[in-house]
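Taking it in order: structure first as structure tokens, then the write-up.
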Amino acid sequence: MSAPAPGEPPRRGLATPSVALAVAAHPDDVEFQAGATLARWASAGCAVHHLILTDGSKGTWDAGTDPAWLVHEREAEQRAAARSLGGADGGVRFLRWPDGELEAGLRQRAQVAAAIREVRPEVVLGHDPWRRYRLHPDHRTAGWLVCDAIVAARDPLFFPELATPAHRPRALLLWEADEVNHVEPADEAGLAAKVAALLEHRSQFVTTHGITDENDADQLAAFAARQRARLVERAATVGIELGESFRLLDDL
Ligand SMILES: [Zn+2]
Numbered sequence: 007m008s009a010p011a012p013g014e015p016p017r018r019g020l021a022t023p024s025v026a027l028a029v030a031a032h033p034d035d036v037e038f039q040a041g042a043t044l045a046r047w048a049s050a051g052c053a054v055h056h057l058i059l060t061d062g063s064k065g066t067w068d069a070g071t072d073p074a075w076l077v078h079e080r081e082a083e084q085r086a087a088a089r090s091l092g093g094a095d096g097g098v099r100f101l102r103w104p105d106g107e108l109e110a111g112l113r114q115r116a117q118v119a120a121a122i123r124e125v126r127p128e129v130v131l132g133h134d135p136w137r138r139y140r141l142h143p144d145h146r147t148a149g150w151l152v153c154d155a156i157v158a159a160r161d162p163l164f165f166p167e168l169a170t171p172a173h174r175p176r177a178l179l180l181w182e183a184d185e186v187n188h189v190e191p192a193d194e195a196g197l198a199a200k201v202a203a204l205l206e207h208r209s210q211f212v213t214t215h216g217i218t219d220e221n222d223a224d225q226l227a228a229f230a231a232r233q234r235a236r237l238v239e240r241a242a243t244v245g246i247e248l249g250e251s252f253r254l255l256d257d258l
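To convert, count from 1 in the sequence shown and add 6; that's the working numbering.
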């Protein structure tokens with residue numbers, strides 16, 4: 007199935023890939039934007055891999071936090087979240103660029119291209135760099151990196167120092183899309199896995215999840231309800247109950 011032409015309504019549902027690679031700026035980005043999709047694919051046999059570009063060392067509002075401790079915590083949280091989605095254990099790679107200072111240079115592009123060539127995904131997922139008025143610099147930069155790295159992974163004369171053969175993914179799904187043209191259906195099990203994965207990111211409860219007391223069952227239920235509401239809203243454009251929306255590029 008090819009992406010719809012400009013002006014056509016969004017379409018839904020790629021065939022389940024055998025291998026998927028999600029490329030994100032920070033721990034927790036993948037789960038917020040594509041968790042239900044990846045969980046559904048994993049349950050159908052897809053090997054789900056994660057590539058996290060920064061170390062997440064600035065992800066707190068508490069100026070007294072030890073950044074080294076935070077990096078350690080967030081990597082452990084990301085590994086647990088990947089397991090909650092059904093990703094292969096060890097399928098999380100960390101490039102550990104300083105949080106907030108990610109650059110779209112050739113070194114970073116080579117690293118992302120190397121991961122694409124090693125994992126050999128059918129589908130790559132990442133941030134949409136064309137999303138307007140996006141504030142966080144790492145999200146913009148991570149979007150450029152994933153797009154540029156696909157070209158470099160695909161064409162064999164890029165980065166000859168890489169020992170791996172070129173690889174052309176079948177599709178790229180950009181989340182938080184500036185112009186949505188694709189919705190991946192979600193199911194209840196995928197939604198539950200997404201919420202469970204997000205709740206592994208305990209260090210982000212205050213800043214990102216809106217949870218001030220992790221022992222407050224009402225706050226946890228409200229968080230889960232917010233995730234469901236987002237999936238309902240995104241799915242409505244294609245007339246289904248639950249889904250996650252993307253920009254699909256499939257002419258790679
Ligand atoms: Zn982020």
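By construction, the Cβ of each residue, glycine as well, lies at the ideal position given by its N, Cα and C atoms. The structure displayed is predicted, hence computed values, not measured ones.
Beta-bridge partners assigned by DSSP to P191: G249.
In the three-state scheme derived from DSSP, where H, G and I count as helix and E and B as strand, R99 is classed as strand. Going by beta carbons, P23 and N187 fall outside the 8 Å limit. Rounded to whole angstroms, the separation of the alpha carbons of L57 and L101 is 8 Å.
Three or more beta-carbon pairs separated by less than 8 Å link the region 196-212 to the region 227-240, which places the two stretches in contact. Per DSSP, the continuous alpha helix (DSSP H) segment holding G149 begins and ends at P143 to R160.
Spatial neighbours of R174 in its own chain (CB-CB distance under 7 Å, excluding positions within 5 residues in sequence) are listed in chain order as R160 and L258. Counting along the chain, the unbroken alpha helix (DSSP H) around V125 starts and ends at L112 to V125. Cβ contact annotation for A195 (same chain, cutoff 8 Å, sequence separation greater than five): A45, R46 and S49, in chain order.
Note on geometry: alpha-carbon atoms of V130 and E185 lie some 18 Å from one another. Relative to ligand 1, the beta carbon of D35 is positioned inside 7 Å of a heavy atom. Relative to ligand 1, A31 has its C-beta within less than 7 Å of a heavy atom. With contacts defined as CB atoms closer than 8 Å, A26 and E128 qualify as a contacting pair. In its chain, beyond the 5 residues on either side, V25 and H173 have a beta carbon closer than 8 Å to the beta carbon of R126. Exposed is the label assigned to V157, since fewer than 16 other Cβ atoms lie within 10 Å of its Cβ. In the three-state reduction of the DSSP assignment, T60 falls in the strand class, which pools E and B. Following the DSSP letters along the chain, one finds L180 inside the beta strand (DSSP E) bounded by residues A177 to W181.
Taking 8 Å as the upper bound for CB-CB distance, G65 and T213 are in contact here, some 6 Å apart. Placement of the Cβ of H215 at a distance of 7 Å or more from every heavy atom of ligand 1 is found.
Within the region 19-81, the runs of alpha helix (DSSP H) at least 4 residues long that lie entirely inside it are, in chain order, 35-49. Exposed is the label assigned to D219, since fewer than 16 other Cβ atoms lie within 10 Å of its Cβ.
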